[in-house]
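Counting along the sequence shown from 1, when you hit position 141 you're at 140 in numbering that gives the first Met the number 0, and nothing is skipped either side.
C-beta: ideal position from N, C-alpha, C; glycine also.
Fair warning: this is a prediction, and the values are worked out from it, not measured in the lab.
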Amino acid sequence: MLQSLLPFTLFALVTSISPGPTNVLILAHSARAGLRASVAPIVAASTAAAVIVWAVGLGLGEVLLRYPLAQQVMSWLGVIWLTWLGWQLLRSAGEPIQSAEQQPFGAISAASLQLINPKVWLLAVAVIGVYAAPGQPVWQLALVLLLVALPSMTSWALLGAGSARWLQSPQRLRRFNQLLACLLIASAWSALLL
Numbered sequence: 000m001l002q003s004l005l006p007f008t009l010f011a012l013v014t015s016i017s018p019g020p021t022n023v024l025i026l027a028h029s030a031r032a033g034l035r036a037s038v039a040p041i042v043a044a045s046t047a048a049a050v051i052v053w054a055v056g057l058g059l060g061e062v063l064l065r066y067p068l069a070q071q072v073m074s075w076l077g078v079i080w081l082t083w084l085g086w087q088l089l090r091s092a093g094e095p096i097q098s099a100e101q102q103p104f105g106a107i108s109a110a111s112l113q114l115i116n117p118k119v120w121l122l123a124v125a126v127i128g129v130y131a132a133p134g135q136p137v138w139q140l141a142l143v144l145l146l147v148a149l150p151s152m153t154s155w156a157l158l159g160a161g162s163a164r165w166l167q168s169p170q171r172l173r174r175f176n177q178l179l180a181c182l183l184i185a186s187a188w189s190a191l192l193l
C-alpha cells in the first residue's frame, strides 16, 4: 500500500507546487496581507482540492467523463472567472500593499476557486485514473494530496510575504502585480487549451 502511495506523493508534490491559479493568488494575497492572513485560504484551497479528488474517486469523475459538455462548461466558467480575477489584479497593479480597498482572498474564495479551477479537476481525474489501486480507499489519495498541498501552498505564501518589503516601491509593485496577473490568466487558459 505504501509503495503505491510513493509515486502519487511525488506527483502530488509536482502538481501542488507548480504555478497555477491558486498558487499565484496565494502569492499575491500574502504579499498584500501577510502570511497569517493567508493561512485560512491555504487550508481551504488544499482541503477543497482533496475533497474534489475524493469526490471524483467516489464517482463524480464518471459523470464528467460521461457528459463532456458539463466538463467543458465547468472549464469555461472557471477560465472566465480566473481571467476576471487576473484582470482585477492587473487593474490594482499600482495600489499600495496595505490598501484598505483590496478585497481579501479568504477561505471561501480559495475553496470556490478550486471548484471551478480546470487544473484541479484535470488533476483529480488523472489521480483516480492513474493512481487509484483496486481496493485502495480513495480517501488515502485525498489525504496525501492535502498533506502535500498544505506545505506547497505555504511556500508560495512565504514567497509572497517575503517579497512585501521589496514591493514597497510603487513601480516594483506594479510590475509584480502585472506579472502575477499575466501568469494567472496564462495558467487558466493553458489548462483549458492544452
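Item	Value
Under the rule that 16 or more other beta-carbon atoms within 10 Å means buried, what is residue 130, buried or exposed?	buried
Could you check which residue in 116, 8 and 10 has the C-alpha nearest to that of residue 24?	116
Roughly how many whole angstroms lie between the Cα atoms of residue 140 and residue 7?	8 Å
Alpha carbon to alpha carbon, what distance is there between residue 169 and residue 128?	47 Å
Could you work out which residue in 167, 28, 79 and 111 is closest to residue 189 when comparing CA atoms only?	79
Is the distance from the Cβ of residue 179 to the Cβ of residue 88 below 8 Å?	yes
Would you kindly work out how many angstroms separate the C-alpha atoms of residue 100 and residue 32, rounded to a whole number?	Residue placement at residue 100 is flagged as unreliable, the pLDDT there being 43, under the threshold of 50; a coordinate-derived value is accordingly withheld.
Pairing CB atoms from the segment 138 to 156 with CB atoms from the segment 7 to 16, are three or more of them under 8 Å?	yes
Under 8 Å between the Cβ atoms of residue 271 and residue 26?	Because the chain is modelled from 0 through 193, residue 271 falls outside the range shown and cannot be assessed.
Using the beta-carbon count (16 or more within 10 Å), is residue 160 buried or exposed?	buried
By Cβ distance, which residues of its chain are closer than 6 Å to residue 44, with the 5 residues on each side in sequence left out?	21, 109 and 113
Is it true that the CB of residue 29 sits closer than 8 Å to the CB of residue 37?	yes
Could you give the DSSP three-state label for residue 19: helix, strand or coil?	coil
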